[in-house]
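One structure is given here, and the rest of the page talks about it.
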Amino acid sequence: MNPYVLAILLSSLGLGTTLTFASSHWLLAWMGLEINTLAIAPLMAQHHHPRAVEATTKYFLTQATAAAMILFASTTNAWMTGEWSINNLSNPLANTMFMAALALKIGLAPVHFWMPEVLQGLDLLTGLILSTWQKLAPFALIIQTAQNIDPLLLTLLGVMSTLVGGWGGLNQTQLRKILAYSSIAHMGWMIIVIQYAPQLTLLALGTYIIMTSATFLTLKTSLTTNISTLATTWSKNPVLASTTALVLLSLGGLPPLTGFMPKWMILQELTKQNLPIIATTMALTALISLYFYLRLCYAMTLTVSPSTTNSTTPWRTQSTQTSLPTALFITATLGLLPMTPAILMMAT
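First residue of the sequence shown? That's 7 in the numbering used here, and the numbers climb one at a time after it.
This is how it looks when you write it as structure tokens:
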């Protein structure tokens, strides 16, 4: 892609998210989300592969549907209340419609079906943008309006997302689909606690972005997109294979890695709010997710690849990407747990 075009698209992505962050008017927020969608579409289709074009089409249609629902919800709310302010979302119909639209935007269950299919058709770097940056603007709107939305709806969305994210990833062999289901499960953790402690949602979103960036960048370095190729990583780059395994365990939420921190805090908050059954359910769904992360770790570090693999396996990893971002994200993914008290003090 032409570097000037790439610069324009990336700056438009930044502009769309910033516009949504800064807006207090529904139309401005909607405009930011639309700029975001239109800016990422050419990045998704840049390889001119049928799968990429299919993924772009699916993504565009779902995001356009969600944007239309947001516009309809905000117009309904303005019609009933006479105000376009984001904080004044008092109409129950507009509330529910708005939450459904944002759930479709970020891929919460039960409107998650587009997410694995779209992510599977993209290259790893565009998939990284879709899994991290594209979540920020919708989450800013959800956090601003969470207090007006029905708590039962938020709880249902959270529990369903963690369940679907765990179950869906169990029988996958493609790493991008596994990461899509991982994303759905993490979104569920963020949504479940948003009505009680929005700062914990921000903490979970931040750690999710760090861990997912580390995962995508390490997979990009080792040129891996499915489990059978993952098994050849150890012979090519043992250090990268061991750190990738630890990054995956951090995504699963095992102590003493960074991924344990948001899960621990969220379970603690749910227990404080007298919701032991929901807290137990969330902990059990985390175990289901942990199974497929362990499966990837097993394939990567404990098995020797058979000689009959269908994929091309270069003897040494050929990578042109700079290793500094990968190193920084891996370090943050593995070592931030001791910083929990300081992070909590900043969050509260």
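Ideal Cβ positions, reconstructed from N, Cα and C, are used throughout, including at glycine.
Asked: Cα-Cα separation between glycine 164 and isoleucine 198, rounded to whole angstroms; Found: 5 Å
Asked: Rounded separation between tyrosine 304 and threonine 161 - CA only; Found: 33 Å
Asked: Given alanine 70 as reference, the closest of Thr43, His54, Leu330 and Ser228 once Cα atoms are compared; Found: Thr43
Asked: Buried versus exposed, by CB contacts within 10 Å (16 or more), isoleucine 14; Found: exposed
Asked: 6 Å Cβ shell around alanine 79 - same chain, five flanking residues per side excluded; Found: Ala100, Met103 and Phe104
Asked: Cβ neighbour criterion (16 or more within 10 Å) applied to alanine 251; Found: buried
Asked: Contact belief for phenylalanine 335 with isoleucine 216 at Cβ below 8 Å, rounded distance in angstroms; Found: 6 Å
Asked: Rounded Cβ spacing between serine 91 and serine 30 (contact assumed at less than 8 Å); Found: 6 Å
Asked: Assigned exposure category for isoleucine 283 - 16 Cβ within 10 Å defines buried; Found: exposed
Asked: Three-state secondary structure assigned by DSSP to histidine 53; Found: coil
Asked: For glutamine 180: DSSP bridge partner residues; Found: Asn232
Asked: Beta-carbon gap between serine 228 and threonine 213 smaller than 8 Å; Found: no
Asked: Where tyrosine 65 falls, given that 16 or more other Cβ within 10 Å makes a residue buried; Found: buried
Asked: Three-state secondary structure assigned by DSSP to histidine 31; Found: strand
Asked: Contact check, isoleucine 200 vs isoleucine 148, beta carbons under 8 Å; Found: yes
Asked: Identity of the residue in Gly172, Leu255 and Glu275 nearest phenylalanine 266 by Cα; Found: Leu255
Asked: 6 Å CB neighbourhood of valine 117 in its chain, flanking five on each side removed; Found: Ala109 and Leu110
Asked: Burial state of tryptophan 32, where buried means 16 or more other Cβ atoms lie within 10 Å; Found: buried
Asked: CA-to-CA distance, tyrosine 202 to threonine 286, given in whole angstroms; Found: 17 Å
Asked: Inside the region 257-319 only - alpha helix (DSSP H) runs reaching at least 4 residues; Found: 266-278 and 282-303
Asked: Proline 331 and leucine 223 closer than 8 Å at C-beta; Found: yes
Asked: Inter-residue Cα distance where the pair is lysine 269 and histidine 54; Found: 39 Å
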